[in-house]
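Note that the protein sequences, when read in sequence, are chains F and B. Note that my numbering gives residue 248 to position 248 of the first sequence, counting from 1, and the numbers run on in steps of one. To get my numbering, take the position in the second sequence, counting from 1, and add 1000. Here a beta-carbon is modelled for each residue, glycine too, at the ideal position from N, C-alpha and C.
2 protein chains.
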Amino acid sequence: MGEQAGDHSADAAPTGELAFIRWLRRRTGRHLQMLLGPGDDAAVVRTTPGRPCLLAADMILEGVHFDLSAATPAQVGRKALAINLSDLAAMAARPVAALVSVALPRGRAAALATETLDGMQALAEEFHMSIVGGDTNSWDGPLVIDVSVLGEAGPNGPLLRSTAKPGDWILVTGTLGGSRAGKHLDFTPRVREALLLHEGYHLHAMIDISDGLSTDLHHILEESRCGAELRADAIPISDAAKNADDGRSPLEHALHDGEDFELLFTTPAEQAREILADPPLRIPVSKIGKITSETGAWMVDNSGARHELLPHGWQHAFDG
Amino acid sequence: MGEQAGDHSADAAPTGELAFIRWLRRRTGRHLQMLLGPGDDAAVVRTTPGRPCLLAADMILEGVHFDLSAATPAQVGRKALAINLSDLAAMAARPVAALVSVALPRGRAAALATETLDGMQALAEEFHMSIVGGDTNSWDGPLVIDVSVLGEAGPNGPLLRSTAKPGDWILVTGTLGGSRAGKHLDFTPRVREALLLHEGYHLHAMIDISDGLSTDLHHILEESRCGAELRADAIPISDAAKNADDGRSPLEHALHDGEDFELLFTTPAEQAREILADPPLRIPVSKIGKITSETGAWMVDNSGARHELLPHGWQHAFDG
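Encoded structure:
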């Protein structure tokens, strides 16, 4: 315990953690904010004075969150970092550094270490951040990857879930549903989009859609103590959701599937109109409804009927 | 994925992650530097402007690093945080915040979550830091706990492994060896001692002894590109090492056992003399040898004979 590891690659894999760390250190990306990378007891990072630090972590487990017969180790590694970057995006924060802790199945350890870190490192480079350390272990269990990230807020500070206001319009980036058909392995976390929106417009509340629109909307509503009314015909449905052939409607997929990793945000009507009239992003932004003072979430269908929208997305039940 | 959890306690355990997070949030310690705790996509922390951030992570695995028949969940939780605080101490950094990710064995999940976090929370309070978030999962595997910490450097910056100089005296806090007899479960990370030493004296290099004196000394020597000569009769040997009855000598225990979590540091002779003449800490500090320009580590025994000191402590081999 105590060694900080980071970085990756496709050379012959070294054996033994000290050898692995030496090899990692030669390959770690050097970014301005990383003062000291892997190899000491802790990494040293410079953040911008006066900017709050954002911290998040996500652990993924072989057999629970991923299956190495359905995804390559590089895809799994990339996703382990990407879901964390999506959490930073949800707060409109810029990623600075990541720590990566892994439990590696003995026998496959060296190959899995290098390949998963390969996938992560490519994404880290894309977002100009560094993998500054972590911890490597081997055991007789399945692959476990826990990534924690440090981000920093932009000049307007972090954007919370708890600050939606009645009358806000509810907007969403991209299209929703069917992510498990493939997008969940190669999505681009909406970091750039979140920073651009939060710097250019007065947003009120934001979350990333990881658990499903219905569930993540409820997170905003619960934290902000308000309600919402959505229009069924306004939900942007992905092609994957339209092509799903499992008896559930495309709309149901879009409402509940999860792992879209798009941004769901609220903003006063006049700001929303500006965003929609002159879209600032290269991806679509859609108005899907409004925040109400009456609590609860409601969906108005194409016939004008109003149904309660319950959170049927992913629930992190951990017992039972 | 995406929820930030933290804190703990001994109430009736809630089921379901959303319920768990609500319960955690009511109990999270409020420290000045925590602007936003568990419950949003990321936690928000304020660090001192101009002070570099320190980042470290350590993952511990049931059956590899701990055994729930030999330690309570609270002890395991406490240790998971304590080893990270020891890493910050080794850099002379002050702990600010921790993220805790857990994989909880199904059936024992709620009880293990609350008890391990109980142990952590007590230690976090002691060091005036916050558990600001993390990730909770359940699965059919063993208990996995990954803690990552954010610290900040003091006014003299972080203290590295790589800056020992020939002529430095080598000092160590406390006594060494036999930690597995009990100390490894209740040690106090030397955070306060490291801060006090680094602010009061001109230290050159520091590490915490997690892998064993012989191995951790080699980390300093390798990073600093120098050597060391130790005196066998100067090594402070713990009572646990003296009482061990396994055929290995007390000195061997002190040199190689690991998990002492004491500070090993180097400082110019005149600084070392000041520290030893007027000890600033409530725990003992011992001079155990000197840094040399000749590489390699050597031990002078009681008869004056010189033996090479090889790193026989814990090696993090992760494959084979």
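Residue i - DSSP class collapsed to helix/strand/coil
| i | result |
| --- | --- |
| Gly1141(B) | coil |
| Glu1223(B) | helix |
| Ala1043(B) | strand |
| Thr1116(B) | helix |
| Ile1209(B) | coil |
| Glu193(F) | helix |
| Pro311(F) | coil |
| Thr1292(B) | strand |
| Leu203(F) | coil |
| Val1076(B) | helix |
| Pro1105(B) | strand |
| Asp246(F) | coil |
| Leu36(F) | strand |
| Leu1068(B) | coil |
| Lys1165(B) | coil |
| Leu88(F) | helix |
| Asp278(F) | coil |
| His31(F) | coil |
| Leu1185(B) | helix |
| Leu1123(B) | helix |
Best match in the options for proximity to residue i [C-alpha to C-alpha]
| i | options | result |
| --- | --- | --- |
| Leu1036(B) | Arg78(F), Met299(F), Gly157(F) and Arg192(F) | Gly157(F) |
| Phe1187(B) | Gly1296(B), Leu1081(B) and Asp1245(B) | Leu1081(B) |
| Ala1228(B) | Ile1275(B), Ala1241(B), Ile1288(B) and Asp1246(B) | Ile1288(B) |
| Pro1073(B) | Leu1196(B), Thr1267(B), Ile1170(B) and Arg1108(B) | Arg1108(B) |
| Phe1261(B) | Arg1273(B), Lys1183(B) and Ala1205(B) | Lys1183(B) |
| Arg106(F) | Val1064(B), Ser1179(B), Thr1136(B) and Arg1106(B) | Val1064(B) |
| Ile83(F) | Arg1046(B), Lys1079(B) and Asp1041(B) | Asp1041(B) |
| Met1059(B) | Val147(F), Gly177(F) and Thr266(F) | Val147(F) |
| Leu61(F) | Ala1098(B), Glu1294(B), Ser1138(B) and Leu1068(B) | Ser1138(B) |
| His1204(B) | Leu1196(B), Ile1170(B), Ile1235(B) and Arg1046(B) | Ile1170(B) |
| Thr1175(B) | Lys1242(B), Gly1039(B), Arg1273(B) and Ala1097(B) | Lys1242(B) |
| Thr48(F) | Glu270(F), Ala153(F) and His307(F) | Ala153(F) |
| Glu1294(B) | Leu1281(B), Arg1273(B), Ser1303(B) and Glu1308(B) | Glu1308(B) |
| Gly119(F) | Pro155(F), Ala71(F) and Ile207(F) | Ala71(F) |
Counterpart residues of residue i in DSSP-defined beta bridges
| i | result |
| --- | --- |
| Ser286(F) | Val172(F) |
| Val300(F) | Arg231(F) and Arg306(F) |
| Ala56(F) | Val149(F) |
| Leu263(F) | Asp208(F) |
| Ser1130(B) | Ala1097(B) |
| Ile1237(B) | Leu1176(B) |
| Asp1216(B) | In the DSSP output, where bridge partners are listed per residue, Asp1216(B) has none listed. |
| Thr1136(B) | Val1102(B) |
| Glu1062(B) | Phe1066(B) |
Spatial distance of residue i from residue j (CA atoms)
| i | j | result |
| --- | --- | --- |
| Arg239(F) | Leu143(F) | Note on identity: in this sequence residue 239(F) is Asp, with Arg being the wrong assignment. Between Asp239(F) and Leu143(F), the C-alpha separation is close to 32 Å. |
| Leu213(F) | Ile1237(B) | 60 Å |
| Leu1032(B) | Met1299(B) | 47 Å |
| Ser101(F) | Leu117(F) | 11 Å |
| Gly258(F) | Leu1088(B) | 37 Å |
| Pro1052(B) | Thr1292(B) | 31 Å |
| Gly1151(B) | Ser249(F) | 49 Å |
| Ala124(F) | Ala305(F) | 46 Å |
| Glu1222(B) | Arg1231(B) | 20 Å |
| Val338(F) | Thr114(F) | Residue 338(F) is absent from the model: chain F starts at 1 and stops at 320. |
| His198(F) | Pro1268(B) | 51 Å |
| Leu112(F) | Leu104(F) | 7 Å |
| Ala1244(B) | His1312(B) | 18 Å |
| Ser1130(B) | Gly1247(B) | 43 Å |
| Ala93(F) | Ala1056(B) | 21 Å |
| Pro1310(B) | Ser1224(B) | It is Leu, not Pro, that sits at residue 1310(B) in the sequence shown. About 17 Å. |
| Val172(F) | Val1044(B) | 24 Å |
| Phe1265(B) | Leu159(F) | 43 Å |
| Leu68(F) | Arg78(F) | 13 Å |
| Pro166(F) | Lys290(F) | 8 Å |
| Ala194(F) | Val1149(B) | 26 Å |
| Gly134(F) | Pro1189(B) | 19 Å |
| Pro284(F) | Val191(F) | 15 Å |
| Asp278(F) | Asp233(F) | 22 Å |
| Glu270(F) | Asp168(F) | 9 Å |
| Pro38(F) | Gly1177(B) | 27 Å |
| Asn302(F) | Ala254(F) | 16 Å |
| Ala110(F) | Gly141(F) | 15 Å |
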